[in-house]
Amino acid sequence: MALFRNNRLPNLKLSLPQASTTSLPCCFPIVAFATASTTVTSCSSNTVSASDLDRINVLGNGNGGTVYKVRHKTTSEIYALKKVKEYLDSASRHQLLREIEILRLVDSPYAVKCHDIFQKPSGEVSILMEYMDLGTLESLVVTEDQLALIARQVLKGLNYLHELKIVHRDIKPANLLRNSKQEVKIADFGVSKIVVKSLDKCNSFTGTCAYMSPERFDSEAAGAEEESESNVYAGDIWSFGLTMLEILVGYFPLLPQGQKLDWCTLMCAVCFGEPPKAPEECSDELKSFIDCCLRKKPSERWTASQLLSHPFLLLQD
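Using UniProt numbering, the first residue of the sequence shown is number 1, and each one after it goes up by one.
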């Protein structure tokens, strides 16, 4: 039976160098489907008008805007509506355009579905998403059997994204959503990247610092200078491994339970410390599974496809 605990990582919003925040006009073009109307049909063949939706409550807030739980007035269908701030700096605008581009590409049962995108003449953008009624994996603690069920679904999502040459770059408990059907899906493509060239690097400080892989902190020390196409996606596997271990043990696994986290401590733990391991009482299969995800060198980490064939997951079939 899954357990819930308080938010494990209250201090992970560590400061990073910020991009330019030069203010831009609120109305900007959305490539390939900009329109003066309030409805943009980009992710679904069924058009839903923004006026058809009633807000129920706020699901969450972030730097990019607010997510609401909404109900369709006619069908009573429940959705999540992400309302993006009207006034965006250049970096945020670029991030939004990239997110929309990826949402238009992604169509998988293991990724939260985008139904429609709305843009008002003022430039305000809202994204209508599938509603996952059990929320995120934050504060969730699971058994080995439950972990295997969750891990398999997330890996199928990552494998799908990587085959599309999309790197998520922010896999963490808060970006994995579940519903009452026991489905787990990948969400939030705001910092994701489409790999245009096979040797594109993804070792930038993008995403949540606590779940960054060693090569994204220090590419030379982690051996990422030997970049290959598969290594581009290895950062997602590190983040996935940390996330799976966290929901198993109930605390952020890179540091001793209860230790306060700051930038220096985190960087030392990732770059110079030994990768965390599954507890001794866990099965050998699970210990091996976590080890295959959390190897310092990206070239030594298993891919999502390889991990789907790992004995830990096969035991649960």
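The C-beta atom is built at its ideal place from N, Cα and C for all residues, glycine as well.
Annotation for Cys271: the continuous alpha helix (DSSP H) segment containing it runs Trp263 to Cys271. Under the DSSP assignment, Ile247 falls in the alpha helix (DSSP H) whose first and last residues are Ala234 to Val249. Nearest Cα to Ala111 within the set Tyr87, Ala148 and Val154: Val154. The shortest CA-to-CA distance from Leu314 to any of Arg295, Ala50, Leu81 and Phe289 is the one to Phe289. C-alpha of Phe312 to C-alpha of Asp188: approximately 27 Å in a straight line. In the three-state reduction of the DSSP assignment, Glu280 falls in the coil class. For His168, the closest alpha carbon among the candidates Gln182, Gln95 and Glu130 is that of Gln95.
Here Pro121 is exposed: its Cβ has fewer than 16 other Cβ atoms, across all protein chains shown, within 10 Å. Pro253 is a Cβ neighbour of Glu246, given a cutoff of 7 Å. Residue environment for Ala151: buried (at least 16 other C-beta atoms within 10 angstroms of its C-beta).
Residue burial annotation: Thr75 is exposed, with fewer than 16 other C-beta atoms found within 10 angstroms of its C-beta. A check of alpha carbon separations from Gln146 across Gln182, Leu97, Asp170 and Gly241 identifies Gln182 as the nearest. Around the C-beta of Ile186, 16 or more other C-beta atoms lie within 10 Å, and the residue is accordingly described as buried. Of the residues assessed, Asp170 falls on the buried side of the cut-off, its CB having 16 or more other CB atoms within 10 angstroms.
Contact between Val70 and Gly60 does not hold, since the beta-carbon distance rounds to 13 Å and is not under 8 Å. Beyond the five residues adjoining it in sequence on each side, Lys73 comes within less than 8 Å, by CB distance, of Asp52, Leu53 and Asp54 in the same chain, given in chain order. DSSP places Asn61 in the uninterrupted beta strand (DSSP E) bounded by Leu53 to Gly62. Rounded to whole angstroms, the separation of the alpha carbons of Gly65 and Gly190 is 12 Å. Counting only the Cα atoms, Lys297 lies some 16 Å from Met267. When the beta-carbon positions are compared, Leu128 and His115 come within less than 7 Å of each other. DSSP, reduced to helix, strand and coil, places Asp291 within a helical segment of the structure shown. A check of alpha carbon separations from Tyr87 across Gly123, Phe118, Cys293 and Glu280 identifies Gly123 as the nearest. Counting only the Cα atoms, Ile78 lies some 6 Å from Tyr131. The beta-carbon separation of Cys264 and Asp218, rounded to 14 Å, does not stay under the 8 Å limit for a contact. In this structure, the straight-line span from the alpha carbon of Tyr211 to that of Phe240 is close to 8 Å.
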